[in-house]
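Student:
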Amino acid sequence: MATLILISIDRQGGRMRFNLSANTIEEALDMAVPITTNSNSIIEATLLTGKIRLKLPLSIFDDQSFEKPMRQLEREWTRLLEQPIEDSQRPYELQVQLMQETIDLYDHRIAYLESSLCRAEQQVSRLRLAAEASGYFADIFDSYEPLRNLYRRYLANAHTQKEKYVHRLKTSQA
(Lines of atoms letter the chains of each structure in order from A; the text may use other names.)
(Lines give C-alpha, C1' and ligand atoms only; values in the text may rest on other atoms or scores of the structure.)
Protein backbone atom coordinates (compact mmCIF):
# COMPACT_ATOMS: atom_id res chain seq x y z
CA MET A 124 0.00 0.00 0.00
CA ALA A 125 1.35 3.42 -0.97
CA THR A 126 0.11 6.86 0.01
CA LEU A 127 1.15 9.95 -1.88
CA ILE A 128 0.65 13.23 -0.01
CA LEU A 129 0.67 16.28 -2.25
CA ILE A 130 0.45 19.92 -1.26
CA SER A 131 -0.34 22.22 -4.15
CA ILE A 132 -1.19 25.82 -4.89
CA ASP A 133 -3.97 26.61 -7.37
CA ARG A 134 -4.23 29.66 -9.67
CA GLN A 135 -5.83 31.79 -6.97
CA GLY A 136 -3.01 31.00 -4.49
CA GLY A 137 -5.02 28.61 -2.35
CA ARG A 138 -3.24 25.68 -0.78
CA MET A 139 -4.68 22.19 -1.13
CA ARG A 140 -3.62 18.90 0.38
CA PHE A 141 -4.24 15.60 -1.41
CA ASN A 142 -3.86 12.13 0.12
CA LEU A 143 -3.73 9.59 -2.69
CA SER A 144 -3.80 5.96 -1.56
CA ALA A 145 -3.18 3.11 -3.98
CA ASN A 146 -1.95 -0.47 -4.08
CA THR A 147 1.33 0.41 -5.77
CA ILE A 148 3.61 3.43 -5.99
CA GLU A 149 2.98 3.63 -9.74
CA GLU A 150 -0.79 3.87 -9.24
CA ALA A 151 -0.37 6.61 -6.62
CA LEU A 152 1.88 8.60 -8.96
CA ASP A 153 -0.57 8.15 -11.85
CA MET A 154 -3.37 9.44 -9.60
CA ALA A 155 -1.38 12.68 -9.22
CA VAL A 156 -1.48 13.42 -12.97
CA PRO A 157 -4.96 15.07 -12.96
CA ILE A 158 -3.93 17.31 -10.07
CA THR A 159 -0.93 18.65 -11.97
CA THR A 160 -2.85 19.08 -15.23
CA ASN A 161 -5.48 21.34 -13.61
CA SER A 162 -2.95 24.19 -13.31
CA ASN A 163 -2.03 23.28 -9.77
CA SER A 164 1.59 23.70 -8.81
CA ILE A 165 2.90 20.97 -6.55
CA ILE A 166 5.00 22.52 -3.78
CA GLU A 167 5.53 19.41 -1.65
CA ALA A 168 5.31 15.69 -2.34
CA THR A 169 5.74 12.90 0.19
CA LEU A 170 5.46 9.17 -0.41
CA LEU A 171 4.53 6.80 2.42
CA THR A 172 5.06 3.06 2.00
CA GLY A 173 4.94 0.95 5.14
CA LYS A 174 7.28 2.60 7.64
CA ILE A 175 9.17 4.60 5.00
CA ARG A 176 8.49 8.32 4.50
CA LEU A 177 10.19 9.76 1.43
CA LYS A 178 10.22 13.34 0.16
CA LEU A 179 9.91 13.27 -3.63
CA PRO A 180 11.55 15.74 -6.00
CA LEU A 181 8.99 18.04 -7.57
CA SER A 182 10.47 17.58 -11.03
CA ILE A 183 8.82 14.18 -11.36
CA PHE A 184 5.37 15.76 -11.68
CA ASP A 185 5.49 16.72 -15.35
CA ASP A 186 1.95 15.72 -16.39
CA GLN A 187 3.14 12.39 -17.79
CA SER A 188 1.84 8.97 -16.81
CA PHE A 189 4.27 6.87 -14.79
CA GLU A 190 2.94 3.56 -16.05
CA LYS A 191 4.87 3.55 -19.33
CA PRO A 192 8.31 4.53 -17.89
CA MET A 193 7.86 2.10 -14.98
CA ARG A 194 7.04 -0.78 -17.33
CA GLN A 195 10.01 0.16 -19.52
CA LEU A 196 12.26 0.21 -16.47
CA GLU A 197 10.86 -3.14 -15.35
CA ARG A 198 11.55 -4.67 -18.79
CA GLU A 199 15.11 -3.31 -18.73
CA TRP A 200 15.75 -4.78 -15.27
CA THR A 201 14.28 -8.11 -16.32
CA ARG A 202 16.51 -8.16 -19.39
CA LEU A 203 19.59 -7.37 -17.30
CA LEU A 204 18.76 -9.98 -14.69
CA GLU A 205 18.17 -12.68 -17.29
CA GLN A 206 21.57 -12.19 -18.90
CA PRO A 207 24.00 -14.98 -18.06
CA ILE A 208 26.98 -14.16 -15.90
CA GLU A 209 29.87 -13.79 -18.31
CA ASP A 210 32.55 -15.01 -15.97
CA SER A 211 31.07 -18.03 -14.21
CA GLN A 212 34.47 -18.96 -12.76
CA ARG A 213 34.82 -15.66 -10.87
CA PRO A 214 33.45 -16.87 -7.50
CA TYR A 215 35.72 -19.94 -7.61
CA GLU A 216 38.77 -17.84 -8.51
CA LEU A 217 37.98 -15.44 -5.68
CA GLN A 218 37.67 -18.34 -3.23
CA VAL A 219 41.04 -19.74 -4.34
CA GLN A 220 42.63 -16.30 -4.02
CA LEU A 221 41.24 -15.85 -0.50
CA MET A 222 42.50 -19.28 0.56
CA GLN A 223 45.95 -18.49 -0.84
CA GLU A 224 46.00 -15.16 1.02
CA THR A 225 45.03 -16.95 4.23
CA ILE A 226 47.85 -19.45 3.72
CA ASP A 227 50.27 -16.54 3.18
CA LEU A 228 49.06 -14.93 6.41
CA TYR A 229 49.71 -18.16 8.29
CA ASP A 230 53.20 -18.31 6.73
CA HIS A 231 53.90 -14.82 8.09
CA ARG A 232 52.48 -15.74 11.48
CA ILE A 233 54.59 -18.90 11.62
CA ALA A 234 57.73 -16.93 10.72
CA TYR A 235 56.95 -14.35 13.41
CA LEU A 236 56.28 -17.01 16.06
CA GLU A 237 59.43 -18.94 15.16
CA SER A 238 61.44 -15.72 15.41
CA SER A 239 59.84 -14.86 18.76
CA LEU A 240 60.46 -18.35 20.11
CA CYS A 241 64.07 -18.18 18.94
CA ARG A 242 64.55 -14.81 20.70
CA ALA A 243 63.03 -16.20 23.89
CA GLU A 244 65.34 -19.23 23.70
CA GLN A 245 68.36 -16.95 23.20
CA GLN A 246 67.32 -14.80 26.15
CA VAL A 247 67.02 -17.87 28.36
CA SER A 248 70.47 -19.06 27.24
CA ARG A 249 72.03 -15.68 28.05
CA LEU A 250 70.33 -15.56 31.42
CA ARG A 251 71.40 -19.11 32.21
CA LEU A 252 75.04 -18.22 31.48
CA ALA A 253 74.79 -15.07 33.60
CA ALA A 254 73.11 -16.96 36.44
CA GLU A 255 75.72 -19.72 36.40
CA ALA A 256 78.53 -17.16 36.44
CA SER A 257 77.07 -15.12 39.29
CA GLY A 258 75.12 -17.70 41.25
CA TYR A 259 72.07 -15.42 41.31
CA PHE A 260 68.77 -15.46 39.35
CA ALA A 261 68.54 -19.26 39.13
CA ASP A 262 64.75 -19.13 39.52
CA ILE A 263 64.23 -16.61 36.71
CA PHE A 264 64.07 -19.43 34.16
CA ASP A 265 60.71 -20.50 35.57
CA SER A 266 59.16 -17.21 34.41
CA TYR A 267 60.28 -17.76 30.80
CA GLU A 268 58.95 -21.30 30.53
CA PRO A 269 55.22 -20.32 30.30
CA LEU A 270 56.09 -17.77 27.59
CA ARG A 271 58.01 -20.36 25.59
CA ASN A 272 55.17 -22.86 25.98
CA LEU A 273 52.69 -20.24 24.82
CA TYR A 274 54.75 -19.52 21.67
CA ARG A 275 55.03 -23.26 21.02
CA ARG A 276 51.24 -23.70 21.28
CA TYR A 277 50.60 -20.73 18.98
CA LEU A 278 53.16 -22.07 16.54
CA ALA A 279 51.61 -25.56 16.52
CA ASN A 280 48.15 -24.05 16.04
CA ALA A 281 49.36 -21.87 13.14
CA HIS A 282 50.92 -24.91 11.45
CA THR A 283 47.66 -26.88 11.90
CA GLN A 284 45.52 -24.06 10.50
CA LYS A 285 47.85 -23.52 7.56
CA GLU A 286 47.77 -27.23 6.70
CA LYS A 287 43.97 -27.16 6.88
CA TYR A 288 43.84 -24.35 4.31
CA VAL A 289 46.47 -26.01 2.11
CA HIS A 290 44.36 -29.19 2.15
CA ARG A 291 41.20 -27.22 1.28
CA LEU A 292 43.02 -25.50 -1.56
CA LYS A 293 44.31 -28.80 -2.96
CA THR A 294 40.90 -30.50 -2.76
CA SER A 295 39.15 -27.53 -4.38
CA GLN A 296 41.58 -27.62 -7.31
CA ALA A 297 41.31 -31.38 -7.79
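So the sequence shown is numbered by the numbering used here: it starts at 124 and just counts up by one.
We treat Cβ as the ideally placed atom computed from N, Cα and C, and that holds for glycine.
#1: Could you compute how far the alpha carbon of residue 269 sits from the alpha carbon of residue 175?
#2: Which residues share a DSSP beta bridge with residue 142?
#3: Where residue 156 and residue 207 are concerned, what is the direct C-alpha to C-alpha distance, given to the nearest angstrom?
#4: If you draw a straight line from the alpha carbon of residue 217 to that of residue 138, how long is it in whole angstroms?
#5: So is residue 166 buried or exposed if we call it buried at 16+ other beta carbons inside 10 Å?
#6: How should residue 281 be labelled, buried or exposed, when 16 other C-beta atoms within 10 angstroms of its C-beta is the threshold for buried?
#7: My output table needs one value for residue 171: the three-state DSSP class, helix, strand or coil.
#8: Figure out for me which residue from 240, 265 and 288 has the closest Cα to the Cα of residue 271.
#9: Compute the distance between the beta-carbons of residue 267 and residue 236, then report whether it is under 7 angstroms.
#10: Would a check of beta-carbon distances place residue 202 closer than 7 angstroms to chain B?
#11: With a threshold of 16 other CB atoms inside 10 Å of the CB of residue 301, please say whether the residue is buried or exposed.
#12: Quick one: using the 10 Å Cβ neighbour count with 16 as the cut-off for buried, is residue 131 buried or exposed?
Tutor: According to the structure data:
#1: 58 angstroms
#2: 128
#3: 38 angstroms
#4: 58 angstroms
#5: exposed
#6: buried
#7: strand
#8: 240
#9: no
#10: This model lacks chain B altogether; it includes just one protein chain.
#11: Past the edges of the chain, shown from 124 to 297, lies residue 301, and the structure says nothing about it.
#12: buried
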